[in-house]
Amino acid sequence: MQVKVRFFARYREMTGQGESAVEVEEGTTVAQLLKKLSLGFPELDNRHFLIAVNAEYATLEQPLRHGDEVAIIPPVSGGEGV
Amino acid sequence: MQVKVRFFARYREMTGQGESAVEVEEGTTVAQLLKKLSLGFPELDNRHFLIAVNAEYATLEQPLRHGDEVAIIPPVSGGEGV
Amino acid sequence: MFKVTEAPLDPQPIVQGVLKESHGAVVTFLGVVRGWSGGRRVLYMEYEAYKEMAEKKLVEIGQEIRQRWQVEDVALYHRVGRLEVGVTSLVVVVAAPHRGEAFAACHYAVDRLKEIVPIWKKEVFEDGGVWVEGEPMLEEK
Amino acid sequence: MFKVTEAPLDPQPIVQGVLKESHGAVVTFLGVVRGWSGGRRVLYMEYEAYKEMAEKKLVEIGQEIRQRWQVEDVALYHRVGRLEVGVTSLVVVVAAPHRGEAFAACHYAVDRLKEIVPIWKKEVFEDGGVWVEGEPMLEEK
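Residue numbers (the numbering used here), protein chains in the order written: chain U, 1 to 82; chain C, 1001 to 1082; chain V, 2001 to 2141; chain D, 3001 to 3141.
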């Protein structure tokens, strides 16, 4: 099955892409997807980010389904100065 | 000597005037002035107000000088709803 | 930056007047004439000020804020006269580097205005008007 | 009332959009691009959002405020893209009958936005840009 992975801010720049279609096995969890992604992007190993699945914060244990949109969410910094 | 007395809000309406020139003896205090005023305006006896002399809050003991502006300041209620 | 006026209040130029390059946060308070008071329909409000003293007290509030939060960019405008429902009677703007002091200082300014600034309002209903009186100050200054 | 947009933010229509006759207090927060960060001159900021999720989280903040303060009239607008110094990136407006809940809810909304809403900013200096990262959330949701 296929999931879409979206990268933002420093991860978008780091990976050089805003999104990527990734082929994974049925029942893959978020953690397993991240492990697979980190082969191509070692910085994804540091885990200084959260994960959203279909625009909602998710746990590492969450199993994915075909067509899911998975987003790498670095610590947010909207609004005015920190 | 003469002082000017200013009335605001309910006291302006009550006395029917915004201000009044009052003749008082040299060295009259705020308290003595109020006592004199209350002969004409008994409601001034209730003391539910503060006094300002020359646009600054003053005590009852403060002695007045010729030309002073004395204001009756009911509890303020500016801004939005109470 | 500290004014009692009969003219309509427009927050936008007031904000521009206090904003500096070092600021990241602007907190604005608008006091607005409510259409209801104690369940009764308000027709309009009459605001009255002891103008000279009120402006002096507004400046003092600005000084208090500078001392407490080292925040210098504060504006306090109060409109007086007959104000219809929905009309802005009060604009308080505080601009500061960060939001914490901007919120605290703006809230403080409004609280303080309702304690020491000689401005009064009369709520006018269909059957007449009532002067609103705030809490009497506990001690005289 | 809950928007992530590339368009300039104008607080005035946003205020008008939440104001009702029962309101006496409107608190507005403007987040503004600062010209200085850590003593360095900022040229401009780049704001980026995960738009679909960010707008969902803005709506959630509105719901949290309704539950906590029974305040319903809240607007949260965040601008994204390249924003110059002095430009407004964030507008939060809370209108309520009284000022206490309006200040509390507006401050809460800004704090919460900086915790859960997926928007990021890059400070761009003469010698390059730096993505600002807030505090990492302590626990995952």
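Yeah, the Cβ is synthetic: ideal placement off N, Cα and C, and Gly gets one too.
C-beta neighbour in chain B for residue i, strict 7 Å
| i | result |
| --- | --- |
| D/Trp3120 | Although the question refers to chain B, the structure presented lacks it and instead comprises the protein chains U, C, V and D. |
Through-space distance from residue j to residue i, alpha-carbon basis
| i | j | result |
| --- | --- | --- |
| V/Glu2140 | C/Lys1036 | Note that V/Glu2140 scores 41 on pLDDT, short of 50, meaning its location in the model is unreliable; the coordinates nonetheless yield the value given after this. Going from the Cα of V/Glu2140 to the Cα of C/Lys1036 covers about 21 Å. |
| U/Gln2 | U/Glu25 | 8 Å |
| V/Val2032 | C/Gly1040 | 38 Å |
| V/Lys2056 | C/Ile1073 | 15 Å |
| D/Glu3133 | U/Glu23 | 30 Å |
| D/Glu3021 | D/Gly3100 | 18 Å |
| U/Gly16 | D/Val3117 | 23 Å |
| D/Gly3081 | U/Arg12 | 15 Å |
| V/Asp2073 | U/Ser20 | 48 Å |
| C/Val1030 | D/His3023 | 41 Å |
| U/Gly32 | U/Leu64 | Here residue 32 of chain U turns out to be Gln, not Gly, going by the sequence shown. Cα to Cα, the separation comes out at about 10 Å. |
| U/Met14 | D/Ile3061 | 31 Å |
| D/Leu3090 | V/Val2015 | 15 Å |
| U/Glu43 | U/Ile51 | 15 Å |
| V/Pro2185 | D/Glu3115 | Because chain V here runs from 2001 to 2141, residue 2185 of chain V falls outside it and cannot be looked at. |
| C/Thr1053 | C/Thr1028 | Strictly speaking, residue 1053 of chain C in this sequence is Val, with Thr absent from that position. Roughly 13 Å between the two C-alpha positions. |
| V/Leu2043 | D/Glu3064 | 34 Å |
| V/Val2124 | V/Ala2007 | 20 Å |
| C/Ala1058 | C/Asp1045 | 17 Å |
| V/Gly2039 | C/Glu1080 | 16 Å |
| V/Thr2088 | D/Ala3095 | 13 Å |
| C/Ser1038 | V/Glu2135 | 23 Å |
| D/Ser3037 | U/Asp68 | 38 Å |
| D/Arg3041 | D/Glu3126 | 8 Å |
| C/Gly1078 | V/Thr2005 | 13 Å |
| U/His48 | V/Trp2131 | 59 Å |
| V/Val2059 | D/Val3059 | 39 Å |
| C/Lys1004 | V/Leu2083 | 29 Å |
Start and end residues, beta strand (DSSP E) containing residue i
| i | result |
| --- | --- |
| V/Glu2084 | 2081-2084 |
| V/Lys2003 | 2002-2005 |
| D/Tyr3050 | D/Tyr3050 -> no beta strand (DSSP E), and no H or E assigned at all. |
| V/Ser2089 | 2088-2096 |
| U/Val24 | Per DSSP, U/Val24 belongs to no beta strand (DSSP E) and is neither H nor E. |
| U/Ala55 | Careful: U/Ala55 lies outside any beta strand (DSSP E) and carries neither H nor E. |
| U/Gln2 | 2-6 |
| U/Val70 | 69-73 |
Beta-carbon proximity of residue i to residue j, cut-off 7 Å
| i | j | result |
| --- | --- | --- |
| D/Leu3030 | V/Val2026 | yes |
| V/Pro2011 | V/Thr2028 | yes |
| D/Val3085 | D/Gly3129 | no |
| V/Ile2119 | C/Val1076 | yes |
| D/Tyr3077 | D/Lys3122 | no |
| D/Arg3112 | D/Leu3009 | no |
| V/Ala2104 | V/Val2018 | no |
| C/Ala1055 | V/Met2053 | yes |
Check: residue i C-beta below 6 Å from any heavy atom of the ligand HEM
| i | result |
| --- | --- |
| D/Ile3061 | With respect to the ligand HEM, the structure offers nothing, as it holds no ligand at all. |
Start-to-end residues for the alpha helix (DSSP H) that takes in residue i
| i | result |
| --- | --- |
| C/Glu1013 | 1009-1015 |
| U/Arg47 | First-last for U/Arg47: undefined, no H or E at that position. |
| D/Val3132 | No alpha helix (DSSP H) holds D/Val3132; the beta strand (DSSP E) holding it covers 3128-3132. |
| V/Glu2101 | 2099-2116 |
| V/Val2124 | First-last for V/Val2124: 2119-2125, but that is the beta strand (DSSP E), not the alpha helix (DSSP H). |
| C/Gln1032 | 1030-1040 |
State whether the region 3107-3124 of chain D contacts the region 3068-3083 of chain D, with contact taken as three or more CB pairs (one from each stretch) at a distance under 8 Å. yes
Ordered list of beta strand (DSSP E) runs contained in the region 2014-2068 of chain V, each at least 3 residues: 2025-2032, 2044-2049
Pairing CB atoms from the region 2040-2055 of chain V with CB atoms from the region 1004-1013 of chain C, are three or more of them under 8 Å? yes
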